[in-house]
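> For any residue, its number in the working numbering is found by taking its place in the sequence shown, counting from 1, and adding 40. For glycine and all other residues, C-beta sits at the position ideal for the given N, C-alpha and C.
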Amino acid sequence: MATYDFDIGVIGGGAAGLTVTAGSAQLGAKTILIEKEDALGGDCLHYGCVPSKTLIRTAQIYQQLKHLPQYGLPAVDLPKVDFRPIAQRIQQVIQRIQAHDSVERFCKLGARVEFGRAEFIDEHSVRLGGQTLSAKTWVLSMGSSPSAPKIPGLESTPYLTNKDIFSLDELPGSMVVLGAGPIACEMAQAFARLGTEVQVIQRSGQILSKEDKDLAELLQARMEEEGVRFHLQVGVKEVRERGGAREVAFTDSEGRERVARAERLLVALGREANVSGLKLENAGVAFSPKGISVDQRMRTNQKHIYAAGDVTGMNQFTHAAGYEGGIVVSNAIFHLPRKADDTLMPWCTYTEPELASIGLNEKRAAAKGVEIRVVTEHFAGNDRSLAENEDLGQIKLLLDTKDKPVGVQILGPQAGELISEWVAALSSGAKLTTLAGAIHPYPTLAEINKRVVGKVLEPKIFSETMQKALAFFFNFKGRACDV
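#1: Quick test of the definition: if touching needs 3 or more C-beta pairs under 8 Å, does the stretch 122 to 140 touch the stretch 168 to 182?
#2: Tell me the DSSP secondary structure of G57 in three-state form.
#3: Which of the three DSSP states, helix, strand or coil, is assigned to A363?
#4: Taking the straight line between their C-alpha atoms, what separation do you get for I247 and V276?
#5: Return the first residue and the last residue of the beta strand (DSSP E) that Q449 is part of.
#6: Nearest CA to the CA of A220: which residue from T441, A230, F270?
#7: Can you say whether S181 is buried or exposed, counting buried as having 16 or more other CB atoms within 10 angstroms of its CB?
#8: So, with DSSP's three-state summary, where would you put E287?
#9: For L208, does the three-state DSSP call read helix, strand or coil?
#10: Under a three-way DSSP split, which group does A347 fall into?
#11: What is the rounded straight-line gap between the Cα of D230 and the Cα of S316?
#12: Entirely within the stretch 311 to 341 and at least 3 residues each: give me those beta strand (DSSP E) ranges in chain order.
#13: In chain order, what residues of the same chain have a beta carbon less than 7 Å from the beta carbon of K185, not counting five sequence neighbours either side?
#14: Alpha carbon to alpha carbon, how far is H140 from I435?
#15: From V492 to Q507, what distance separates their C-alpha atoms?
#16: In whole angstroms, what is the alpha-carbon distance linking L475 and A465?
#17: If T201 and V307 are in contact, beta carbons under 8 Å, what's the gap, nearest whole angstrom?
#18: Would Q239 and V216 be called neighbours here (beta carbons separated by less than 8 Å)?
#19: For the beta strand (DSSP E) containing H418, name the first residue and the last one.
#20: Got a sec? Which residues, its chain only, sit under 6 Å from T484 by beta carbon, not counting five neighbours each side?
#21: Where do the ends of the alpha helix (DSSP H) carrying C524 lie?
#22: In the DSSP output, which residue or residues are listed as bridge partners for G275?
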């Protein structure tokens, strides 16, 4: 029987890799984690989720200060934003969280951590610096990076990505954003609120193209009210640097030649899996520019080599990476044939209002040919929303032909928090009557979840048949007031 240095080796110290490393080490497997960057935590901690949400919160506070009279407070003259303290605060938050992802913590758990770029020698061994390390099982969790689309002139034009947007020396006076996905929309709104003139250029006719059009348009309208300009359904022809500014030449939806000009250019047109530089071919692992192919147990074509997180090119969310890391631990350590299921994978775009989703929306239901009906409830009918002056948005509950919930979308305040009740309900198979009977504190935003369920059940409970039955048994006399 072959002997190896480690029971399991993990390449990549992001959400998936850290989950596998912590789980495997605590279960007694001799574990090594290899990370190419100088610190653990991955893209999410250093360039993604954490810095973006920190910046978004700062922009929210600044935006509220602009509208103090709406809350009965006197207006104030706000000074212009200095971005350097904002960037410093972002780094402070990162460092606080970094303590949870420290080498010392994982060493205490029993895992060895090494930094550097690993290259596979064969299917069980990698070269790291001048040493060779072998493991019975390997896990590939190298994450993803912002993709650079093939646009004429882009290679020779300075541009920003999520790698450097959070460490600027000063707030840009103007910015053009290429793309209108979650990262693009979050950053466009945040910088616009801080004082940057922002234009968003999108090839399709809708922002957040995976979401339902009605909700995306409501969000777009709010962002336009705050000063963000959108150019949708365009054809980008060229990117160039001219006179110290960045220019994007494009053809608009009516076929007219246009140019968007700004101090800075942010490219947010998707992400690509980090599959280069590891010599995966030496391990016999099949991959493409889109990522590493895996089965439902997160195994590659080499069954002792797993892949999880963004590197698979599937659900590129931090919470998805953590979930997939758990699937790997079940299969690689417990040897239980547990399969990943992303049917109820939630996600959220952290604009204001936020847009959260789980399961099917109308667009995905139509693509799958699933017959649905939609029940809605608006935040304008939620007392807490009115008290907080945040009444834009709605919840959409999608039901199949048997009135079973198959999806929920929420556009509104704290939608990312509100969707969690549906994560628990749909994952556990809870009945709508259970949700309707649950007591929610008043006044809370979460009451909207109960209200939309009530709309489903009310026609059955308060039907004419029910009224007649109760009148028959209890001699009820009917209406006391007619309009």
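Short version:
#1: no
#2: Taking the sequence shown and counting its residues from 1, one reaches residue 57 at position 17. Residue state, collapsed to three classes: helix.
#3: Position 323 of the sequence shown holds residue 363. Looking at the sequence provided, one finds Tyr at residue 363 rather than Ala. It is helical.
#4: Here residue 247 refers to the residue found at position 207 of the sequence shown. Here residue 276 refers to the residue found at position 236 of the sequence shown. Cα to Cα, I247 sits roughly 16 Å from V276.
#5: As a working mapping, residue 449 is identified with position 409 in the sequence shown. Here the beta strand (DSSP E) through Q449 covers 445 to 452.
#6: Taking the first residue of the sequence shown as 1, we reach residue 220 at position 180. It is F270.
#7: If you number the sequence shown from 1, residue 181 lands on position 141. Result: buried.
#8: The residue given as residue 287 occupies position 247 in the sequence shown. Correct three-state label for E287: strand.
#9: Taking the first residue of the sequence shown as position 1, residue 208 is located at position 168. Three-state DSSP puts L208 in coil, outside helix and strand.
#10: Mapped onto the sequence shown, residue 347 falls at position 307. Of the three classes helix, strand and coil, the one that applies to A347 here is strand, per DSSP.
#11: Looking up residue 230 in the sequence shown gives position 190. Looking up residue 316 in the sequence shown gives position 276. According to the sequence as given, residue 230 is Ala; it is not Asp. Rounded to whole angstroms, A230 to S316 spans 33 Å at the Cα level.
#12: 311 to 313
#13: Residue numbering aside, residue 185 sits at position 145 when the sequence shown is read from its first letter. Position check: residue 185 holds Ser in this sequence, whereas Lys was assumed. Counting only Cβ-Cβ distances below 7 Å, and skipping sequence neighbours, we find R311, E312, N314.
#14: As a first step, residue 140 must be located in the sequence shown, where it is residue number 100. As a first step, residue 435 must be located in the sequence shown, where it is residue number 395. If you take the alpha carbons of H140 and I435, they lie about 35 Å apart.
#15: Looking up residue 492 in the sequence shown gives position 452. Looking up residue 507 in the sequence shown gives position 467. V492 and Q507: Cα-Cα distance of roughly 23 Å.
#16: Reading the sequence shown from its first residue, position 435 is the one you call residue 475. Reading the sequence shown from its first residue, position 425 is the one you call residue 465. Each residue's Cα considered, the two are about 8 Å apart.
#17: As a working note, residue 201 is residue 161 in the sequence shown. As a working note, residue 307 is residue 267 in the sequence shown. Right, their Cβ atoms sit about 6 Å apart.
#18: As a working mapping, residue 239 is identified with position 199 in the sequence shown. As a working mapping, residue 216 is identified with position 176 in the sequence shown. Taking 8 Å as the Cβ cut-off, Q239 and V216 qualify as a contacting pair.
#19: Taking the sequence shown and counting its residues from 1, the one referred to as residue 418 is at position 378. From DSSP, the beta strand (DSSP E) with H418 extends over 413 to 418.
#20: Counting from 1 along the sequence shown, the entry for residue 484 is found at position 444. If we look at T484 and ignore the five residues flanking it on each side, its Cβ neighbours are R424.
#21: Given that the chain is displayed from residue 41 to residue 523, the structure contains no residue 524 and the question cannot be resolved.
#22: Counting from 1 along the sequence shown, the entry for residue 275 is found at position 235. Its beta-bridge partners are T291.
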